[in-house]
Amino acid sequence: MMRPVDLASQADQLAAGDTTSVALTERSLAAIDALQPTLNAFISIDREGALTAAAAADERRTAGRPLSALDGVPIAHKDIFCTAGLKTSCGSRMLDTFVPPYNATVVDRFAAAGLVTVGKTNMDEFAMGSSNETSFYGDVMNPWDTTRSPGGSSGGSAAAVAAGIVAGATGTDTGGSIRQPAALCGITGVKPTYGRASRYGMIAFASSLDQAGTLTRTAKDAALLLELLCGFDPKDSTSLDVPMESWTADIDKPLDGLRIGVAEAFYDDGLASGCRDALEVALDEYRQLGATVSTVELPHLYLSVPTYYVVAPAECSSNLSRFDGIRFGHRATDCDDLAELYTRSRSEGFGDEVKRRIMTGTYVLSSGYYDAYYLKAQRARQLISADFKAAFATVDVIAGPTAPTPAFGLGDKVDDPVTMYLNDIYTIGANLAGLPALSLPMGVVDGLPVGMQLIGPALSEARLLNAAHGFQSATDWHHATPPLFQGGEQ
Ligand code: GLN
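Heads up, my numbering is the position in the sequence shown plus 57, with the first residue counted as 1.
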């Protein structure tokens, strides 16, 4: 089987003169057109902007100007990142007509590096969801089985990469929204340390948890893309002002001596046996690569889902108050007074899941309940962070499953929010503690891909990417391609 194209090979082909940015971009746009009816992975397509940027990239190359490692390569942005002049909906009716006057820093950084944006990917409304079913623009279908969910909230980005439409896309991860869809679509998803990537121009969901990252086929591609995406930004007050070391330089380092921790807490009743078995095989692979595997305790991890579902709604209820039909967002027509305008604009603009979160958030922050819920959740968050800190005294990375099951059917969980929330049971801890984490393909169960999660201490991205790349150098799971959608093959 031919291998789908990855970012590194596209960059090599461009450097060798075997292709042009315009050719790669045209192929990507054609793949969107061909697969949009089946996958619905995109909300907006920027045909003209992409082809103009691609032509400029080709000109730069011909003129011998300095180029970034990925200059001219097509990518897609999750529709949560503001793009000047290009609709940014955040998956919501509320922002269906919003065309930002400025770029998110992440978008600017990619543009400055010469990457070509072909379009904006579909996502759960305001990034709230684990299945992409809360999008105002309809479900995204999983390329491995179009009756199943690609995961969420970055499901459009994950489906686009898995189907070979683009080799890389951005995502955001507040509780697992990069890692879980990466796992369900059989690709690699990385959430960096909180503060590594700028949140400027990234529409806020829960500001103390939100972090931008990447969805790519390989860890090597993730490293290439993240080197361009991450870095200090004075426009984001929580941006980390730390030196950016290279994440590609040592990616080939042998894994001898890598200390992997496995937590009992990840082996709960909800974990499908296929995922458990695949994880055991993957850990054996790591042992053969020279890693040691030992047990670590994360005694408070069981608190992560309830803690998250207090903290995230609390922050979102505050962040989303700006969408009132006056300052931002959909405005209801024919209202008699201001109160009716607010009520109807928000009632019409937001979908059910977003309303549920705003109501929960407002409740837990209300004066009589603040101590009982919000404060208690902040305390639990501290305990979870302390558990990770203690565990990282003895291991370099913590490995486990990314999601409890392979991709579930569209419609299966949508009426049961708690079951849906439990899909993030393994990913949320890293967000609460601000830690870098990634998901990489570790097997195929009943024809569907499953992912392994690696979590590291703060700022350990180089080590995490090295650990993921080492595994991918010895295995082939990241090359597994959905049988029906090989649009990116060459
Ligand atoms: N699925 C989780 C939620 O619904 C996480 C979402 C995310 O990471 N943006 O909130």
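For glycine and all other residues, C-beta sits at the position ideal for the given N, C-alpha and C.
Item	Value
Span of the beta strand (DSSP E) holding Gly-270?	269 to 273
Please confirm if the region 156 to 168 is in contact with the region 201 to 215, defined as three or more CB-CB distances below 8 Å between the two stretches.	no
According to DSSP, is Glu-546 helix, strand or coil?	Bear in mind that a pLDDT of 46 at Glu-546, under 50, signals an unreliable position, so the number given afterwards is only what the model happens to contain. Glu-546 falls in the strand class under three-state DSSP.
Quick one, are the C-beta atoms of Ala-226 and Glu-354 less than 9 Å apart?	no
Using only CA atoms, which one of Gly-486, Thr-538, Val-502 lies nearest to Tyr-251?	Gly-486
Does the distance from the CB of Pro-157 to the CB of Leu-143 come in under 9 Å?	yes
Could you compute how far the alpha carbon of Asp-428 sits from the alpha carbon of Val-367?	12 Å
Leaving aside the five residues before and after Ser-146 along the sequence, list all residues of the same chain whose C-beta is less than 6 Å from its C-beta, in chain order.	Ile-100, Asp-136, Leu-152, Asp-153
Here's the rule: buried if 16 or more other CB atoms are within 10 angstroms of the residue's CB, otherwise exposed. What is Pro-493?	buried
For Met-59, does the three-state DSSP call read helix, strand or coil?	Any answer about Met-59 is weak, because its pLDDT of 42 lies below 50 and its placement is not dependable; what the coordinates show is given next. The answer is coil: DSSP assigns Met-59 none of H, G, I, E or B.
Apart from the five residues on each side of it in sequence, which residues of its chain come closer than 7 Å, Cβ to Cβ, to Asp-298?	Phe-289
Give, in chain order, every unbroken run of the beta strand (DSSP E) that is at least 3 residues long and sits entirely within the region 231 to 263.	245 to 248
Return the residue from the list Leu-64, Ala-72, Ala-519 that minimises the CA-CA distance to Pro-300.	Ala-519
Determine the burial state of Thr-451: buried for a count of at least 16 other Cβ atoms within 10 Å of its Cβ, exposed for fewer.	exposed
So, for Met-198: in the same chain, excluding its five sequence neighbours on each side, which residues have a beta-carbon less than 6 Å away from its beta-carbon?	Leu-96
Taking 8 Å as the line, does the beta carbon of Ala-184 fall inside it for any heavy atom of the ligand GLN?	yes
Taking Ala-126 as part of the alpha helix (DSSP H), name the residues at either end of that continuous run.	Ala-126 -> no alpha helix (DSSP H), and no H or E assigned at all.
Whole angstroms is fine: what's the gap from Ala-239's alpha carbon to Cys-392's?	44 Å
Can you list, in chain order, the residues of its chain with a C-beta nearer than 8 Å to that of Gln-435? Leave out the 5 residues immediately preceding and following it.	Val-368
The alpha helix (DSSP H) with Pro-363 in it runs from where to where?	361 to 376
Is Arg-379 buried or exposed, if buried means 16 or more other CB atoms sit within 10 Å of its CB?	exposed
Kindly identify the DSSP beta-bridge partner or partners of Leu-511.	Ala-456, Leu-495
Span of the beta strand (DSSP E) holding Arg-316?	316 to 320
Let me know the secondary structure DSSP gives Lys-310 once reduced to three states.	coil
Assuming Leu-521 contacts Leu-511 (C-beta within less than 8 Å), just tell me the rounded distance between them.	6 Å
Going by the CB atoms, is the gap between Asp-309 and Asn-523 shorter than 9 Å?	yes
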